[in-house]
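Peer 1: Position 96 of the sequence shown, counting from 1, maps to 1093 under the numbering used here, and the rest follow consecutively.
From the three backbone atoms N, C-alpha and C, an ideal C-beta is built for every residue, glycine too.
Given the structure is predicted, the values throughout are model-derived calculations rather than measurements.
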Amino acid sequence: MGERKVLNKYYRPDFDPSSKLPRIRRSNNRQIQTKARMICSNCSAELVIKTDPQNSDYVVESGATRNFDPWRTAEVEEEEDKEKNAEELAMKNRKETANLAALD
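Put into structure tokens, the structure is as follows:
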């Protein structure tokens, strides 16, 4: 089977790579915004998403909704931490009052 595997491609003598392959010129700054055009596999609707390299994120332009926001999870964790600290403080106060009542 190894003899059937082709490792090289044949290029005709009249092949001109400059006319066939487009050259992409980019600036030295790699922070370039690009648009990604996709199609839904279920309904064939077009989804357009734009990258946001400054924030290492993306922005939905049309055809989709965002179901996960990393900054929202951070806010939820902060709120949970505040609630947990308040509960711990309340439990500590209850124990102290119980100890004071037992000493009397």
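On the DSSP bridge assignment, give the partners of Ser1059 in chain order.
Peer 2: Here residue 1059 refers to the residue found at position 62 of the sequence shown. Answer by DSSP bridge pairing, in chain order: Val1045.
Peer 1: From the DSSP secondary-structure annotation, give me the bridge partner or partners of Met1035.
Peer 2: Translated into the one-based positions of the sequence shown, residue 1035 becomes position 38. In DSSP, Met1035 forms a bridge with Leu1044.
Peer 1: Is DSSP giving Asp1101 helix, strand or coil here?
Peer 2: Against the sequence shown, residue 1101 aligns to sequence position 104. The answer is coil: DSSP assigns Asp1101 none of H, G, I, E or B.
Peer 1: Would you report the Cα separation of Pro1050 and Pro1010, rounded to the nearest angstrom?
Peer 2: Position 53 of the sequence shown, counted from the first residue, corresponds to residue 1050. Position 13 of the sequence shown, counted from the first residue, corresponds to residue 1010. Cα-Cα distance, rounded: 42 Å.
Peer 1: Taking the straight line between their C-alpha atoms, what separation do you get for Val1057 and Ala1042?
Peer 2: Residue 1057 sits at position 60 when you count from the first residue of the sequence shown. Residue 1042 sits at position 45 when you count from the first residue of the sequence shown. The alpha-carbon of Val1057 is positioned some 14 Å away from that of Ala1042.
Peer 1: Could you say which of Asn1052, Pro1014, Ser1059, Ser1015 lies nearest to Ala1035 if we only look at CA atoms?
Peer 2: Locating residue 1035 in the sequence shown gives position 38, where the first residue counts as 1. For clarity, residue 1035 is Met in the given sequence; the question names Ala instead. Ranking the options by Cα distance to Met1035, first place goes to Ser1059.
Peer 1: Would you report the Cα separation of Ala1095 and Met1088, rounded to the nearest angstrom?
Peer 2: On the sequence shown, position 98 is the one that residue 1095 refers to. On the sequence shown, position 91 is the one that residue 1088 refers to. Their Cα atoms are separated by approximately 11 Å.
Peer 1: Report the three-state DSSP secondary structure of Asp1054 (helix, strand or coil).
Peer 2: Counted from its first residue, the sequence shown places residue 1054 at position 57. Asp1054: strand per DSSP, three-state reduction.
Peer 1: Can you grab the Cα-Cα spacing for the pair Glu1084 / Lys1092, in whole Å?
Peer 2: As a first step, residue 1084 must be located in the sequence shown, where it is residue number 87. As a first step, residue 1092 must be located in the sequence shown, where it is residue number 95. One C-alpha to the other measures close to 12 Å.
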